[in-house]
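Trainee: Dumping the structure here so I can ask a few things about it.
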Ligand code: BEZ
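Residue numbers (our numbering): 51 to 262.
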């Protein structure tokens with residue numbers, strides 16, 4: 051199977067989760083979603099990642115992002131592991147953890163990289179838009195825990211650029227100046243950004259982050 055690419059429709063599935071059974075396309079309908087895999091239950095880096103994600107629930111809610119974790123472990127293991135996450139990370143799991151022992155989700159999303167590990171998923175993360183298209187994907191090896199501040203940052207960029215004809219520069223953070231996309235003419239840019247913009251080069255025009 052060829053790899054999923056940006057712009058592709060996120061594959062649908064029906065699975066068991068720690069919050070009960072879900073039909074993925076039904077629960078994400080009209081919302082932003084994040085689907086992220088971890089290699090295995092009862093492992094140290096994964097424990098910290100799930101704890102961090104749970105701590106950031108308010109931030110994901112603010113952005114209307116529904117978050118789903120997944121690994122190829124059975125649901126009984128997920129339930130048994132949740133207690134450890136609460137005990138060691140000081141936060142209860144507050145988002146669904148998908149049990150994928152038959153590797154239905156892992157295979158559909160290309161989360162198993164045989165030359166890294168033949169059986170467990172790597173750390174894949176997909177951001178899916180309200181139109182169910184894949185907007186962004188990142189992949190980390192098992193040994194490197196993800197930076198969830200970066201995950202929130204890219205969601206901010208994706209949501210902003212979905213709404214306005216702007217792009218976000220290197221290391222951009224919410225609230226900082228953005229770039230007017232080159233396909234917008236100066237004439238249209240003056241209408242869209244009446245408070246003005248700064249032209250550094252004809253193709254590099256900076257403007258305050260649009261609000262709303
Ligand atoms: C971890 O989550 O700590 C981990 C999982 C698989 C391999 C290495 C580390």
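Glycine included, each C-beta is placed from N, C-alpha and C at the ideal position. The model shown is predicted, which means the values in this text are computed figures rather than measured ones.
Would you mind reading off the limits of the beta strand (DSSP E) that contains residue 175?
Mentor: 173 to 178
Trainee: Cβ atoms of residue 219 and residue 229: under 8 Å apart, would you say?
Mentor: yes
Trainee: Indicate the three-state DSSP secondary structure (helix, strand or coil) for residue 63 in the structure shown.
Mentor: coil
Trainee: Mind checking which residues open and close the beta strand (DSSP E) that includes residue 149?
Mentor: 147 to 149 is the span of the beta strand (DSSP E), which, as asked, contains residue 149.
Trainee: Counting pairs of Cβ atoms below 8 Å between the segment 122 to 131 and the segment 149 to 162, do you hit three or more?
Mentor: yes
Trainee: Tell me which residue opens and which closes the alpha helix (DSSP H) that residue 246 is part of.
Mentor: Careful: residue 246 lies outside any alpha helix (DSSP H) and carries neither H nor E.
Trainee: On the premise that residue 104 lies in contact with residue 141, defined as a C-beta separation below 8 Å, what is that separation, rounded to the nearest angstrom?
Mentor: 4 Å
Trainee: Quick check: does the Cβ of residue 193 come within less than 7 Å of any heavy atom belonging to the ligand BEZ?
Mentor: yes
Trainee: What is the rounded straight-line gap between the Cα of residue 225 and the Cα of residue 115?
Mentor: 19 Å
Trainee: Jot down the residue ranges of each uninterrupted alpha helix (DSSP H) in the segment 115 to 168, minimum 4 residues, whole runs only, in chain order.
Mentor: 125 to 139 and 154 to 158
Trainee: Using 8 Å as the Cβ pair cut-off and three pairs as the minimum, do the segment 129 to 139 and the segment 180 to 188 touch?
Mentor: no
Trainee: Can you give me the Cβ contacts of residue 163 inside the same chain, cut-off strictly under 8 Å, excluding the 5 residues immediately before and after it?
Mentor: Within the same chain, residue 163 has close Cβ partners 172 and 189.
Trainee: Which residues mark the beginning and the end of the alpha helix (DSSP H) in which residue 204 is found?
Mentor: 198 to 213
Trainee: What is the DSSP secondary structure of residue 241, counted as helix, strand or coil?
Mentor: helix
Trainee: Per DSSP, which one or two residues make a beta bridge with residue 72?
Mentor: In the DSSP output, where bridge partners are listed per residue, residue 72 has 65.
Trainee: Report all residues from its chain with a CB closer than 7 Å to the CB of residue 74; omit the five preceding and five following residues, and keep chain order.
Mentor: These residues qualify, in order along the chain: 62 and 63.
Trainee: If you check the beta carbons only, do residue 174 and residue 87 fall under 8 Å apart?
Mentor: yes
Trainee: Within 10 angstroms of its Cβ, does residue 209 collect 16 or more other Cβ (buried), or is it exposed?
Mentor: buried
Trainee: Short check: CB of residue 85 to CB of residue 118, under 8 Å?
Mentor: yes
Trainee: When the Cα of residue 107 is compared with those of 169, 199, 79 and 161, which residue comes out closest?
Mentor: 199
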